[in-house]
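J.:
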Amino acid sequence: MFITFEGIEGCGKTTQIKRLENGLRRKNIPLMRTLEPGGTTIGHTIRRILLDSNHKNLSPLAELILYEADRAQHVEEVIKPALDKGQWVLCDRFCDATVAYQGFARGMDMVLIRTLNDAVTRGIRPDLTFLLDCPVEIGLERARTRNRDHAQKGQDRFEQERLAFHRVVRRGYLELASKEDKRFVIIDAALTEDRVEEEIFRVLTPYLVNNHYDI
Ligand SMILES: Nc1ncnc2c1ncn2[C@@H]1O[C@H](COP(=O)(O)OP(=O)(O)O)[C@@H](O)[C@H]1O
Ligand SMILES: [Mg+2]
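So for the sequence shown, my numbering puts the first residue at -9; every next one is plus one.
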């Protein structure tokens, strides 16, 4: 099983992917949790370039190609080997993020994005994608609080974007989800952390049964 988490900044992806990881580990499901950008050593270096708020002049094309480079390395080094071994892979952002951010919000050519995504993923697609959807005001406020509480180095390049940018990202994700409604599950991320976790588990229950895991 390959499960991805998507949504705007601060919607709760990292919180929920960790909760799901814990829940699945309790059922002895072999799994790995990873993220983009930065799921490999090389990717970690790429992530620093992408999120550095000093890089205000990073061109949209360079940005797109850096994300795809990160993904190429990640699929090759981490995701494909784990899936081949039969592990469940939980990934915090994947191809849909590039369509939402670089495609919808930055206006990069969608055909180019799809071509690059297809090339770097080598046919690997998520079985299930949770879109944690909430108003951008809620997400950005959560991200601000998180960064303050955890003494992170301030807002990253994306958190500094204007509200309008994040609204386009959100709309982009919702459009993707409506086009691929078999793969996507939209979760109301404005609910409490516990409620969101319950929703995610409810959706996963049939998959656990199909894979002969206890529920
Ligand atoms: N459902 C929720 N309700 C309230 N706060 C939340 C919820 N989910 C996450 N948070 C908090 O919001 C902040 C951002 O969550 P995070 O999981 O880091 O979001 P993301 O990874 O999508 O950017 C964190 O401080 C987290 O504790
Ligand atoms: Mg996160």
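The beta-carbon is built from N, C-alpha and C at its ideal position, and this holds for glycine as well. Only a predicted model underlies this, so the values are computations on that prediction, with no experimental measurement involved.
Restricting to Cα atoms, I'd like to know which of Ala154, Val158, Ile190 and Arg152 is closest to Gln6.
T.: Here residue 6 corresponds to residue number 16 of the sequence shown, with the count starting at 1. The option with the nearest alpha carbon to Gln6 is Ile190.
J.: Say yes only if the C-beta of Thr24 is nearer than 6 Å to one or more non-hydrogen atoms of ligand 2, and no if none qualify.
T.: Position 34 of the sequence shown, counting from 1, holds the residue named residue 24. No, ligand 2 has no heavy atom inside 6 Å of this Cβ.
J.: How close, in whole Å, do the beta carbons of Glu26 and Asp60 come, if the pair is a contact with beta carbons under 8 Å?
T.: Stepping through the sequence shown from its first residue, residue 26 is reached at position 36. Stepping through the sequence shown from its first residue, residue 60 is reached at position 70. Sure, about 6 Å apart at Cβ, within 8 Å.
J.: What are the boundary residues of the beta strand (DSSP E) that Leu166 is part of?
T.: By one-based count along the sequence shown, residue 166 stands at place 176. Taken as a continuous stretch (DSSP letters only), Leu166 belongs to no beta strand (DSSP E), being part of the alpha helix (DSSP H) at Leu153 to Lys169.
J.: Opposite Glu(-4) in the DSSP bridges: which residues?
T.: If you number the sequence shown from 1, residue -4 lands on position 6. Paired residue(s): Leu121.
J.: Ignore the nearest five residues each way along the sequence and tell me which others in Ala62's own chain have a CB closer than 6 Å to its CB.
T.: Reading the sequence shown from its first residue, position 72 is the one you call residue 62. Answer for Ala62: Val110, listed in chain order.
J.: Rounded to whole angstroms, how far is the Cβ of Phe(-8) from the Cβ of Pro196, which I believe are closer than 8 Å?
T.: The residue labelled residue -8 in the question sits at position 2 within the sequence shown. The residue labelled residue 196 in the question sits at position 206 within the sequence shown. Incorrect: roughly 16 Å between the Cβ atoms, too far for contact.
J.: Just verifying my parser: in three-state terms, what is the DSSP assignment at Phe174?
T.: As a first step, residue 174 is located in the sequence shown; it is residue number 184 there, counting from the start. Phe174 falls in the strand class under three-state DSSP.
J.: Taking Thr225 as the reference, give the member of Glu149, Tyr91, Asp123 and Val199 with the closest Cα.
T.: Residue 225 lies beyond the range of the chain shown here (-9 to 205); nothing can be said about it.
J.: With a threshold of 6 Å, establish whether the CB of Cys1 neighbours any heavy atom of ligand 1.
T.: For the purposes of this step, residue 1 is taken as residue 11 along the sequence shown, with counting starting at 1. Checking the Cβ of Cys1 against ligand 1 gives yes.
J.: In or out: Lys169 buried (at least 16 other Cβ within 10 Å) or exposed?
T.: As a working note, residue 169 is residue 179 in the sequence shown. It counts as exposed.
J.: Could you check whether the Cβ of Val110 sits closer than 6 Å to any heavy atom belonging to ligand 1?
T.: As a working note, residue 110 is residue 120 in the sequence shown. Not so, every heavy atom of ligand 1 lies at least 6 Å from the Cβ.
J.: Could you check the C-alpha separation between His64 and Arg38 for me, to the nearest Å?
T.: By 1-based counting over the sequence shown, the position of residue 64 is 74. By 1-based counting over the sequence shown, the position of residue 38 is 48. Taking the straight line joining both Cα atoms gives about 15 Å.
J.: Looking at the unbroken alpha helix (DSSP H) that takes in Asp184, where does it start and where does it end?
T.: On the sequence shown, residue 184 is found 194 positions in, with the first residue counted as 1. Where Asp184 is concerned, the enclosing alpha helix (DSSP H) stretches over Glu183 to Asn200.
J.: With which residues is Thr24 paired in a DSSP beta bridge?
T.: Residue numbering aside, residue 24 sits at position 34 when the sequence shown is read from its first letter. DSSP output for Thr24 lists Cys81 as bridge partner(s).
J.: Are there 16 or more other CB atoms within 10 angstroms of the CB of Thr105, so buried, or fewer, so exposed?
T.: Numbered from its first residue, the sequence shown carries residue 105 at position 115. Classification of Thr105: exposed, given that the 10 Å Cβ count is below 16.
J.: Kindly indicate which three-state DSSP category Leu48 falls into: helix, strand or coil?
T.: Looking up residue 48 in the sequence shown gives position 58. Looking at Leu48 - three-state DSSP - the assignment turns out to be coil, as it is neither helix nor strand.
J.: Run the CB neighbour count on His156, radius 10 Å, all protein chains shown included, and call it buried at 16 or more, exposed below.
T.: Position 166 of the sequence shown, counting from 1, holds the residue named residue 156. Per the 10 Å Cβ criterion, buried.
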